[in-house]
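K.L.:
Next up is a structure, given as structure tokens.
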Amino acid sequence: MVCALGIEGSANKIGIGIIRDGKVLANVRRTYITPPGEGFLPKETAKHHREAILGLVKSSLKEAQLKPSDLDVICYTKGPGMAPPLLVGAIVARTLSLLWDIPLLGVNHCIGHIEMGRLITGAQNPIVLYVSGGNTQVIAYSNKRYRIFGETIDIAVGNCLDRFARIIKLSNDPSPGYNIEQLAKSSNRYIKLPYVVKGMDVSFSGILSYIEDLAEPGKRQNKRKRPQEEEVNNYSQADLCYSLQETIFAMLVEITERAMAHCGSNEVLIVGGVGCNERLQEMMRIMCEERGGKLFATDERYCIDNGLMIAHAGAEMFRSGTRMPFEEAFVTQRFRTDEVLVSWRDD
Amino acid sequence: MMSQIANKPNESIIRVPFATPRLAEIAYKVVSVDQEPRRNFVKKTLSLENDVLVVHFQADQVKSLRTAITSFFECLLLLQDTINQFGDSKEDKLITESIDNAGTHSGSDSA
Numbered sequence: 001m002v003c004a005l006g007i008e009g010s011a012n013k014i015g016i017g018i019i020r021d022g023k024v025l026a027n028v029r030r031t032y033i034t035p036p037g038e039g040f041l042p043k044e045t046a047k048h049h050r051e052a053i054l055g056l057v058k059s060s061l062k063e064a065q066l067k068p069s070d071l072d073v074i075c076y077t078k079g080p081g082m083a084p085p086l087l088v089g090a091i092v093a094r095t096l097s098l099l100w101d102i103p104l105l106g107v108n109h110c111i112g113h114i115e116m117g118r119l120i121t122g123a124q125n126p127i128v129l130y131v132s133g134g135n136t137q138v139i140a141y142s143n144k145r146y147r148i149f150g151e152t153i154d155i156a157v158g159n160c161l162d163r164f165a166r167i168i169k170l171s172n173d174p175s176p177g178y179n180i181e182q183l184a185k186s187s188n189r190y191i192k193l194p195y196v197v198k199g200m201d202v203s204f205s206g207i208l209s210y211i212e213d214l215a216e217p218g219k220r221q222n223k224r225k226r227p228q229e230e231e232v233n234n235y236s237q238a239d240l241c242y243s244l245q246e247t248i249f250a251m252l253v254e255i256t257e258r259a260m261a262h263c264g265s266n267e268v269l270i271v272g273g274v275g276c277n278e279r280l281q282e283m284m285r286i287m288c289e290e291r292g293g294k295l296f297a298t299d300e301r302y303c304i305d306n307g308l309m310i311a312h313a314g315a316e317m318f319r320s321g322t323r324m325p326f327e328e329a330f331v332t333q334r335f336r337t338d339e340v341l342v343s344w345r346d347d
Numbered sequence: 348m349m350s351q352i353a354n355k356p357n358e359s360i361i362r363v364p365f366a367t368p369r370l371a372e373i374a375y376k377v378v379s380v381d382q383e384p385r386r387n388f389v390k391k392t393l394s395l396e397n398d399v400l401v402v403h404f405q406a407d408q409v410k411s412l413r414t415a416i417t418s419f420f421e422c423l424l425l426l427q428d429t430i431n432q433f434g435d436s437k438e439d440k441l442i443t444e445s446i447d448n449a450g451t452h453s454g455s456d457s458a
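Here is the structure:
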């Protein structure tokens with residue numbers, strides 16, 4: 001029986017979760033929301049997290065009806081992510097670990113998403129599509145590693161969406177991706193955009209530049225002059241949102257399908273913040289059903305970064321005997337999914 | 348790293364007292380984990396004097412000294428807040444009091 005507290009703060013969300021033997025006891029979170037047109041910067045995000053984290057630790061313990069001595073392990077996100085906000089979680093995790101005399105465990109953020117998705121959906125051995133503001137990966141499990149089959153070669157899919165939302169000044173509340181999704185529902189006019197799949201990998205930065213030109217004609221005219229007739233278009237924001245979603249999600253469905261075919265798998269699990277987009281889930285479900293497969297997805301409580309996923313992945317690691325010396329409780333901006341030995345799976 | 352710092356470095360010594368030697372030792376362990384960024388050319392030496400945490404910074408440039416001290420203080424303040432709110436194992440009890448959720452530009456959800 002493992003009872004774990006998890007602290008996640010790798011991007012603009014700060015979350016604390018408590019889990020005991022796969023049972024959710026608490027999952028609280030706060031999001032740093034910037035004004036429309038602005039992204040979140042490391043320093044300001046860290047400041048937001050510093051102000052919120054201790055209150056969240058208290059709320060989570062209260063919600064779980066636990067005292068500190070009921071915990072077996074404290075888990076925090078070791079990486080990947082932005083260093084200053086990551087460090088906020090790490091400092092509090094280290095301090096609590098020593099104050100309460102409870103072991104400390106650093107968890108890979110991507111592994112947290114995968115294990116949380118498996119726990120909530122019950123998917124056994126799925127192809128995992130991990131899509132968020134910082135990561136875009138197609139992952140399959142083999143021989144004690146989560147192996148990356150395909151990934152983005154430049155920016156993450158969520159970053160592409162977030163930046164497009166900034167260009168057209170959509171609100172960041174509750175999230176830019178959510179607002180794009182809602183706006184896209186009011187259009188079905190497809191504008192042809194570049195479609196960039198390279199083998200198993202995808203690229204989004206060129207699509208972003210292209211659609212930026214369509215959204216704000218003439219703004220980048222010094223860089224690459226387009227023919228005059230294209231300078232004026234009557235594309236609405238909804239048309240652009242719709243077309244952007246359709247194009248980039250189709251790319252993701254394509255590489256996921258290829259990974260399924262290669263691995264002979266008939267399960268797909270979508271995790272990460274973009275994973276709660278219902279249009280992406282719908283497109284993926286159609287592909288899965290055509291192949292006789294099944295789609296597993298979760299809602300925003302577990303898709304979007306949360307402390308619970310760190311608690312759960314940490315609990316699995318702890319249960320299988322993983323321990324971490326205190327001196328190794330640092331954070332690292334780069335930490336690939338396939339660096340972690342998956343000691344808790346026997347298949 | 349020391350070899351990269353000039354003979355006449357800019358220095359700063361910060362002495363931070365804690366309520367008990369145990370808390371000072373916790374603080375020492377917590378801040379010991381993080382290395383200074385390599386290209387910063389700052390040498391940070393930590394030591395304990397009973398209930399006082401002593402931090403000695405040496406840097407080539409005043410600017411890098413300031414950067415190192417600023418980020419150290421950010422960690423230190425968070426650490427002290429954590430100790431104040433959760434320290435001294437007397438706090439090992441169920442939390443029942445109401446929690447004030449401060450913080451601007453923040454969206455909250457009970458996920």
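Order-wise, the sequence lines are chains A and B. Residue numbering for the first sequence follows our numbering, starting at 1 and increasing by one per position. Residue numbering for the second sequence follows our numbering, starting at 348 and increasing by one per position. All residues carry an ideal CB built from backbone N, CA and C; glycine is no exception. Every value quoted in this text rests on a predicted model; they were computed, and no experiment measured them.
List the residues of chain A that residue 432 of chain B touches, going by C-beta distances under 7 Å, in chain order.
P.N.:
Here residue 432 of chain B refers to the residue found at position 85 of the second sequence. Those are 54, listed as they occur along chain A.
K.L.:
On a CA-only basis, which of A/136, A/70, A/163, A/8 is nearest residue 46 of chain A? Give me that one, please.
P.N.:
Here residue 46 of chain A refers to the residue found at position 46 when the first sequence is read from its first residue. Residue A/8 is the option with its Cα nearest to residue 46 of chain A.
K.L.:
For the beta strand (DSSP E) containing residue 23 of chain A, name the first residue and the last one.
P.N.:
Here residue 23 of chain A refers to the residue found at position 23 when the first sequence is read from its first residue. It spans 23 to 32 - the beta strand (DSSP E) in which residue 23 of chain A sits, taken as one unbroken run.
K.L.:
With DSSP as the reference, please indicate the residues paired to residue 364 of chain B in a beta bridge.
P.N.:
Within the second sequence, the letter at position 17 stands for residue 364 of chain B. Paired residue(s): B/399.
K.L.:
On the premise that residue 256 of chain A lies in contact with residue 127 of chain A, defined as a C-beta separation below 8 Å, what is that separation, rounded to the nearest angstrom?
P.N.:
Position 127 of the first sequence, counted from the first residue, corresponds to residue 127 of chain A. Position 256 of the first sequence, counted from the first residue, corresponds to residue 256 of chain A. That belief holds up - the Cβ atoms of residue 127 of chain A and residue 256 of chain A are roughly 6 Å apart, short of 8 Å.
K.L.:
With residue 94 of chain A and residue 377 of chain B assumed to form a contact (beta carbons below 8 Å), what rounded beta-carbon distance in angstroms separates them?
P.N.:
The residue given as residue 94 of chain A occupies position 94 in the first sequence. The residue given as residue 377 of chain B occupies position 30 in the second sequence. About 5 Å; that satisfies the 8 Å criterion.
K.L.:
Can you list the alpha helix (DSSP H) stretches of 4 or more residues lying completely in the stretch 136 to 208 of chain A, in chain order?
P.N.:
List check, alpha helix (DSSP H) in window: 157 to 167, 176 to 184.
K.L.:
Using three-state DSSP, classify residue 108 of chain A as helix, strand or coil.
P.N.:
In the first sequence, residue 108 of chain A corresponds to position 108, counting from 1. Of the three classes helix, strand and coil, the one that applies to residue 108 of chain A here is strand, per DSSP.
K.L.:
If you draw a straight line from the alpha carbon of residue 32 of chain A to that of residue 13 of chain A, how long is it in whole angstroms?
P.N.:
In the first sequence, counting from the first residue as 1, residue 32 of chain A sits at position 32. In the first sequence, counting from the first residue as 1, residue 13 of chain A sits at position 13. Cα to Cα, the separation comes out at about 6 Å.
K.L.:
To the nearest angstrom, report how far apart residue 414 of chain B and residue 408 of chain B are at their CA atoms.
P.N.:
Residue mapping note: residue 414 of chain B aligns to position 67 of the second sequence, counting from 1. Residue mapping note: residue 408 of chain B aligns to position 61 of the second sequence, counting from 1. Distance between the alpha carbons of residue 414 of chain B and residue 408 of chain B: 10 Å.
K.L.:
Residue 425 of chain B touches chain A at which residues, Cβ-Cβ below 7 Å?
P.N.:
Numbered from 1 along the second sequence, position 78 holds the residue referred to as residue 425 of chain B. Simply 50, 88, 91, 92.
K.L.:
Who are the near neighbours of residue 295 of chain A in its chain, counting only those whose CB is closer than 6 Å to its CB and skipping five residues on each side?
P.N.:
For the purposes of this step, residue 295 of chain A is taken as residue 295 along the first sequence, with counting starting at 1. Within the same chain, residue 295 of chain A has close Cβ partners 268, 284, 285, 288.
K.L.:
Ignoring anything shorter than 4 residues or poking outside the stretch 67 to 92 of chain A, list the alpha helix (DSSP H) runs there in chain order.
P.N.:
Taking only runs of at least 4 residues, no alpha helix (DSSP H) segment lies wholly in the stretch 67 to 92 of chain A.
K.L.:
Taking the CB atoms as reference points, tell me whether residue 171 of chain A and residue 159 of chain A lie closer together than 9 Å.
P.N.:
For the purposes of this step, residue 171 of chain A is taken as residue 171 along the first sequence, with counting starting at 1. For the purposes of this step, residue 159 of chain A is taken as residue 159 along the first sequence, with counting starting at 1. No. Outside cutoff.
K.L.:
Counting only beta-carbon atoms, is residue 57 of chain A nearer than 9 Å to chain B?
P.N.:
Counted from its first residue, the first sequence places residue 57 of chain A at position 57. Residue 57 of chain A counts as touching chain B.
K.L.:
Per DSSP, what are the beta-bridge partners of residue 241 of chain A in this structure?
P.N.:
To locate residue 241 of chain A, count along the first sequence from 1; it is residue 241. None, per the DSSP bridge assignment.
K.L.:
To be precise: take each residue of the stretch 308 to 334 of chain A, compare its Cβ to all Cβ atoms of chain B, and keep it if any distance is under 9 Å. Which residues remain?
P.N.:
Within the stretch 308 to 334 of chain A, the qualifying residues are 308, 326, 327, 328, 329, 330, 331.
K.L.:
Quick one: measure Cβ to Cβ for residue 235 of chain A and residue 191 of chain A, integer angstroms, because I've assumed they're closer than 8 Å.
P.N.:
Here residue 235 of chain A refers to the residue found at position 235 of the first sequence. Here residue 191 of chain A refers to the residue found at position 191 of the first sequence. Yes, residue 235 of chain A and residue 191 of chain A are in contact; Cβ-Cβ is about 6 Å, under 8 Å.
K.L.:
Can you pull the chain A residues whose beta carbon is under 8 Å from the beta carbon of residue 391 of chain B, in chain order?
P.N.:
By one-based count along the second sequence, residue 391 of chain B stands at place 44. Going along chain A, no residue has its Cβ under 8 Å from residue 391 of chain B, so there is no contact; the nearest lies around 14 Å.
K.L.:
Would residue 379 of chain B pass as an interface residue toward chain A - the criterion being a Cβ-Cβ separation below 9 Å?
P.N.:
As a position in the second sequence, residue 379 of chain B is number 32, starting the count at 1. Yes - at least one Cβ of chain A is within 9 Å of the one on residue 379 of chain B.
K.L.:
Quick one: what's got a C-beta closer than 8 Å to residue 88 of chain A's C-beta in the same chain, skipping five residues either side?
P.N.:
Taking the first residue of the first sequence as position 1, residue 88 of chain A is located at position 88. The answer, listed in chain order, is 9, 14, 46, 49, 50, 53.
K.L.:
In the structure shown, what three-state DSSP assignment does residue 409 of chain B receive?
P.N.:
Along the second sequence, read from residue 1 onward, the residue named residue 409 of chain B stands at position 62. If DSSP states are grouped into helix, strand and coil, residue 409 of chain B belongs with the helices.
K.L.:
Quick check on this structure: which residue in A/310, A/34, A/242 has the alpha carbon closest to the alpha carbon of residue 78 of chain A?
P.N.:
The sequence position of residue 78 of chain A within the first sequence is 78, counting from 1. The option with the nearest alpha carbon to residue 78 of chain A is A/310.
K.L.:
Hey, residue 211 of chain A and residue 252 of chain A: beta-carbon distance below 9 Å or not?
P.N.:
Translated into the one-based positions of the first sequence, residue 211 of chain A becomes position 211. Translated into the one-based positions of the first sequence, residue 252 of chain A becomes position 252. The answer is no: Cβ separation not under 9 Å.
K.L.:
The beta strand (DSSP E) with residue 219 of chain A in it runs from where to where?
P.N.:
Here the question's residue 219 of chain A lines up with position 219 in the first sequence. Unbroken run through residue 219 of chain A: none, as it is neither H nor E.
K.L.:
Name the two residues that bound the continuous alpha helix (DSSP H) containing residue 235 of chain A.
P.N.:
For the purposes of this step, residue 235 of chain A is taken as residue 235 along the first sequence, with counting starting at 1. Counting along the chain, residue 235 of chain A falls outside any alpha helix (DSSP H), and DSSP gives it neither H nor E.
K.L.:
Could you please give the first and the last residue of the uninterrupted alpha helix (DSSP H) stretch that includes residue 41 of chain A?
P.N.:
Locating residue 41 of chain A in the first sequence gives position 41, where the first residue counts as 1. Counting along the chain, residue 41 of chain A falls outside any alpha helix (DSSP H), and DSSP gives it neither H nor E.
K.L.:
Taking 9 Å as the threshold (C-beta atoms), are residue 177 of chain A and residue 154 of chain A in contact?
P.N.:
Stepping through the first sequence from its first residue, residue 154 of chain A is reached at position 154. Stepping through the first sequence from its first residue, residue 177 of chain A is reached at position 177. Result no, Cβ atoms of residue 154 of chain A and residue 177 of chain A do not sit closer than 9 Å.
K.L.:
Enumerate in chain order the residues of its own chain whose CB-to-CB distance from residue 394 of chain B is below 7 Å, with the five nearest sequence positions on each side excluded.
P.N.:
Taking the first residue of the second sequence as 1, we reach residue 394 of chain B at position 47. Same-chain partners within the cutoff: 401.
K.L.:
Here's a check: name, in chain order, each residue in its chain whose Cβ is nearer than 6 Å to the Cβ of residue 57 of chain A, leaving out the five neighbours to either side.
P.N.:
By one-based count along the first sequence, residue 57 of chain A stands at place 57. 16.
K.L.:
Compare the C-beta of residue 95 of chain A with all C-beta atoms of chain B and state if any pair is closer than 9 Å.
P.N.:
On the first sequence, residue 95 of chain A is found 95 positions in, with the first residue counted as 1. Yes, residue 95 of chain A lies at the interface with chain B (some Cβ there is under 9 Å from its Cβ).
K.L.:
At a CB-CB cut-off below 7 Å, which residues of chain A make contact with residue 428 of chain B?
P.N.:
The sequence position of residue 428 of chain B within the second sequence is 81, counting from 1. Under the 7 Å cutoff, chain A gives 54.
K.L.:
Tell me whether residue 298 of chain A sits in a helix, a strand or coil according to DSSP, three-state version.
P.N.:
The residue given as residue 298 of chain A occupies position 298 in the first sequence. Note: residue 298 of chain A maps to coil in three-state DSSP.
K.L.:
What separation, rounded to the nearest whole angstrom, lies between the Cα atoms of residue 334 of chain A and residue 25 of chain A?
P.N.:
Reading the first sequence from its first residue, position 334 is the one you call residue 334 of chain A. Reading the first sequence from its first residue, position 25 is the one you call residue 25 of chain A. Going by the C-alpha atoms only, they are around 30 Å apart.
K.L.:
Give me the subset of the stretch 170 to 198 of chain A whose CB atoms are less than 7 Å from a CB atom of chain B, sorted by chain position.
P.N.:
Hits within the stretch, in order: 173, 174.
K.L.:
Does the separation of the CB atoms of residue 132 of chain A and residue 338 of chain A fall below 9 Å?
P.N.:
If you number the first sequence from 1, residue 132 of chain A lands on position 132. If you number the first sequence from 1, residue 338 of chain A lands on position 338. Not closer than 9 Å, so no.
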